[in-house]
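Residue numbers (our numbering), protein chains in the order written: chain E, 44 to 351; chain B, 199 to 623. Have a look at the structure below before the remarks.
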């Protein structure tokens, strides 16, 4: 660079460009986040400290009373139990199945791209359509699942009515939609595992399973952590599936005995059926905190997946 | 912070605002370039207006009408949210009987129809229909469309197989009251055709029974009386007894399984307000001529019926008010009744021969004009309180819990009272 023509003014512009431009490029995200993310978050926090019913526009400052009420609310604990149950029933099998599918897709296959695209298909279908179809499959009188049970001589199950049965049915919807998605993420990660590790293992006489468990899984650790955390966040926010699973009545109680009402659904009930916006906001913030804690716990546990 | 950094931050802000600041634009009430006024209607279910729009548009070349429908509960929830937030409603919103009291309590959100000639139109409606949408302040927030009126629909073929009479007059004699209706249910159940229960589901029968009571879920001072109203407890007990006798198909009303129930002949009778006829036809097409309509046990009673309102936030308030006045006028209501069987709440229609003489081919030529106008004239109106719709849902869930075998009647009742208390607090 010739220093003859560059006065201090030009240097300043250059400095600004080098140091400033990156901020400029990332700024739209943070501004957008501030408007559509941060503001609602803080506003919700404010609303959660008030008693605000939509039908009665007077707003009253009540401090932490909504949170205290929540801790003593049976229906909230019931919803939390359902959420955890559905989350466990869906996430664990889902991630295991995704690992297995990714492992299979990572082999030499005919029409490999077709299969790889295929596993993502369930994820791009409409969640509403999927849930309504599954609700029909799990129908009490004419559902296909009960029909299949009948074929093998088992009694039909009233899927919607039972606690465990409804959780299993809803988990099936989640598993069906998200397994392929996670499988593709695992597949991408698997392709970065150096081939010579496997070669060395094969020379040492390691079986397919040992290779998978001792090489693939440890190498995928960061990816597994990522999917586990993302699935946890999604699993705790689940609302559309249990809402639509309730026989198309648009009712947010999650079954006649709230047997599959999740926290998200309870929030929706309080906010948009009872119009208790203050209470609903308190649920939203509590849910947010629970998700943060669960994500951290998850992170700590999955970090321990390690074999050497 | 150096001057450079401040300038940088300012620049970032400006660009960011440019990138994100394209602002919100109202989605309803737009006036397109050709000068037409678009009126939007948010309805739930089939209200029978579709054929009428073209007629109105032909007579009013500057008006374009767009109808949107959603599910019953979703519709009313969205309406409440949009009213509270001050934007997002359609120009015209339908409100059902179960929710009208809740919205009547917030008249400030609606156009007061008194200022738009409502007083001259007042005599069109059954007096109780007019009063049900009248706010305490005296403001009229809506014009009545249909009323439920109650009848009982039954399947002739299933009755015949169970050895019961099939003629509608003789069937009416089987059940002068609900006790004899459930007695008939016992006789039916003893010889019933495989897979076809006597009625569709406990909550639906319960609704019909409560529709006849003098007092429902509220007294006229808007106090909830679910726990103390003897009519509610006795209807609850009677329904659960019939459920225990195996008379119920245990289907949740308006659910997909219930819809399938029509097609699969899962029940022989269903309490049918006038609007139910359209439902039965839509879902059970294969059974034309097998369905019939007769008197409901206990006589009279109402279940359902709607109102058309114009939210104050409508951009075309005048045009919208003119349209709802037209849609609820007797001439149009007659057309809705003759085409869809949805019963008008406008009194003048009840003397018209095309209404009183109307027979329904699908329902074995049942004289539905006569049945439903009689029901509407004789019914004793019941006062509807603010959260009637939600309380009805809580009771429905209680009866479902018993049907699903999860609780006995007493446990379900106690839990339901707790739910009702939460709703009404």
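From the three backbone atoms N, C-alpha and C, an ideal C-beta is built for every residue, glycine too.
| query | result |
| --- | --- |
| Nearest chain E C-beta to residue 604 of chain B closer than 9 Å, yes or no? | yes |
| Check for me: the alpha helix (DSSP H) holding residue 109 of chain E runs from which residue to which? | 108 to 114 |
| Taking Cβ positions only, does residue 345 of chain E come closer than 9 Å to chain B? | no |
| If I'm right that residue 493 of chain B touches residue 349 of chain B with Cβ under 8 Å, what's the distance once you round it to whole angstroms? | 7 Å |
| Quick one: which chain E residues come within Cβ less than 7 Å of residue 244 of chain B? | Residues of chain E passing the Cβ test: none, with the nearest at roughly 16 Å. |
| So, does the CB of residue 85 of chain E fall closer than 9 Å to a CB anywhere in chain B? | no |
| Using the beta-carbon of each residue, which ones in chain B are nearer than 7 Å to residue 294 of chain E? | 271 and 591 |
| Suppose you measure from the CA of residue 554 of chain B to the CA of residue 536 of chain B; what does that come to, to the nearest Å? | 10 Å |
| Check the Cβ of residue 360 of chain B against every Cβ in chain E and list those closer than 9 Å, keeping chain order. | Result: empty, since nearest Cβ-Cβ is about 20 Å, beyond 9 Å. |
| Would you kindly report the start and end of the unbroken alpha helix (DSSP H) that includes residue 551 of chain B? | 551 to 554 |
| Are any of the Cβ atoms in chain E nearer than 9 Å to that of residue 596 of chain B? | yes |
| If we define contact as Cβ-Cβ less than 9 Å, is residue 303 of chain B a contact residue for chain E? | yes |
| What are the residues in the stretch 428 to 454 of chain B lying within 9 Å of chain E by C-beta distance? | 447, 448, 449, 450, 451, 452, 453 and 454 |
| On the CB-based measure, 16 or more other CB atoms within 10 Å of its CB, does residue 160 of chain E come out buried or exposed? | exposed |
| Which one or two residues does DSSP pair with residue 308 of chain B in a beta bridge? | B:509 |
| Residue 491 of chain B by DSSP, collapsed to three states: which one? | strand |
| Just tell me which of E:237, E:122 and E:220 has its CA closest to the CA of residue 304 of chain E. | E:122 |
| Between residue 282 of chain B and chain E, is there a C-beta pair that is closer than 9 Å? | yes |
| If you draw a straight line from the alpha carbon of residue 613 of chain B to that of residue 603 of chain B, how long is it in whole angstroms? | 15 Å |
| When the Cα atoms are used, what is the spatial distance from residue 138 of chain E to residue 281 of chain E? | 17 Å |
| Here's a check: name, in chain order, each residue in its chain whose Cβ is nearer than 6 Å to the Cβ of residue 615 of chain B, leaving out the five neighbours to either side. | 425 |
| Would you call residue 521 of chain B buried or exposed, if buried means 16 or more other Cβ atoms sit within 10 Å of its Cβ? | buried |
| Is any beta-carbon of chain B found at less than 9 Å from that of residue 315 of chain E? | yes |
| Residue 300 of chain B touches chain E at which residues, Cβ-Cβ below 8 Å? | 98 |
| Is it right to say residue 422 of chain B is buried, meaning 16 or more other beta carbons lie within 10 angstroms of its own, or is it exposed? | buried |
| Helix, strand or coil: which one does DSSP assign to residue 202 of chain E? | coil |
| Whole angstroms is fine: what's the gap from residue 304 of chain B's alpha carbon to residue 94 of chain E's? | 19 Å |
| According to DSSP, which residues form a beta bridge with residue 78 of chain E? | Partner(s): none; residue 78 of chain E has no beta bridge. |
| Comparing C-alpha positions only, which one of B:430, B:434 and B:420 sits nearest to residue 166 of chain B? | A query on residue 166 of chain B cannot be resolved here, the shown segment of chain B reaching from 199 to 623 and no further. |
| Can you give me the start and stop residues for the beta strand (DSSP E) that residue 133 of chain E sits inside? | No beta strand (DSSP E) contains residue 133 of chain E, which is instead part of the alpha helix (DSSP H) from 117 to 148. |
| By Cβ distance, which residues of its chain are closer than 6 Å to residue 565 of chain B, with the 5 residues on each side in sequence left out? | 557 |
| Which complete beta strand (DSSP E) runs does the stretch 348 to 421 of chain B hold, if anything under 3 residues is left out? | 348 to 353 and 395 to 397 |
| Using three-state DSSP, classify residue 478 of chain B as helix, strand or coil. | helix |
| Find the residues of chain E that neighbour residue 275 of chain B, judging by a C-beta separation of less than 7 Å, and give them in chain order. | 315 and 316 |
| Would residue 310 of chain E pass as a contact of residue 296 of chain E if the rule is Cβ separation under 9 Å? | no |
| Given that a residue counts as buried once 16 or more other Cβ atoms are within 10 Å of its Cβ, and exposed if not, what is residue 253 of chain B? | exposed |
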